[in-house]
Structure formats: C-alpha cells, structure tokens
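Comments concern the structure below.
Residue numbers (our numbering): -1 to 181.
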C-alpha cells in the first residue's frame, strides 16, 4: 500500500514537472520572440541593418546604401556638423573649418560613415560602397587600412579627437561630432 502511494505520488510529481517544463519552454520562447521584435523595431527606427547571415549581407548592404542615398530627397552639401564636415560638393573633409588631405578612397569611406552617422557600417557595406563590382573587390582587410589611416589623419587634424568608433564583430560608427568634441 505504501509503495502504491509512493508510485502514485511520483507519477503526479513527474506530471507537474512536465507541465512546468512546457510552461518554462513556452515562456522562454515568448521572451525570445519579444527580444527579436524589439530588436527589429529598434533597427527600423535607426535604419541600421539587422543581424543577418553571410548570404543576406550583400542584399542588406545594398538596401541600406540605397535608403541612405534616397532618404530626404535632396542631400545637404555638407554632412555632419560641429568639428567635422564632409563636403559632398567639393569632396573635401574639414575639421574646425580647415581642409585635411585624404585620398579618394578614404573620402568615400568617411562619406558612407557620415551618411550613416551614429549607425553601424559593416565591412561588407564599405566594400560594396567602394568597389561596385564584386569581381574587382580586394581583400576585406583593406577596409581596416582605410579606417586606420582615416583615424590617424582625423586625430592629427583635431588634436586627438576620436570620431570613428569600432564596434567589435560588427563594424564602425562615426559618432556624433559634438560628443567627439566634448570627449
């Protein structure tokens, strides 16, 4: 009789554990879905690319570049403001009103960072922006070289201000210029 009570109680406890596991799994699934929905909304609000697989990255880069070019219809002649200005008409970079010497490729890197200011720009996006055809793209590490040279030139011209921030495993951001000035 005691063994029957113990067996029945064990069956009852196992049933309770199964129900608890199912509820926990459902709750965890709901939390994951909520996190994904929030992330998607945040990405839509700031216009930055969502995390995507390698196969989709070219398409996402193209869409973001096109939306950056198309946003606002008429682009202002000067991007940014404050200490750093990217003059699209003259294709010049100025810090505190003084032009700095950079190469065409460095200008194009900074131009894309300025278009997407305060949003992450990925290596794929920069490669796509710099090299229109996939068959003439160099090694992806060339982007690191351009970023490094740009940082050095901007730092020298601005007495040490950092405008370009690296976001590990994602890309780079041209930070708000007033924030860079205050730092």
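Built from N, CA and C at the ideal position, the CB exists for glycine as well.
At the level of alpha carbons, what is the spacing between residue i and residue j?
i	j	result
residue 171	residue 88	23 Å
residue 28	residue 103	46 Å
residue 7	residue 121	60 Å
residue 130	residue 140	15 Å
Residue i bridges to which residues according to DSSP?
i	result
residue 165	169
residue 119	170
Using beta-carbon positions only, say whether residue i and residue j come within less than 8 Å of one another.
i	j	result
residue 156	residue 81	yes
residue 125	residue 110	no
residue 168	residue 159	no
residue 145	residue 162	yes
residue 106	residue 128	yes
residue 84	residue 114	no
residue 234	residue 150	Within the shown structure, residues of the chain are numbered from -1 to 181, placing residue 234 beyond reach of any answer.
So what's residue i in DSSP terms, helix, strand or just coil?
i	result
residue 100	coil
residue 2	helix
residue 130	coil
residue 94	coil
residue 84	strand
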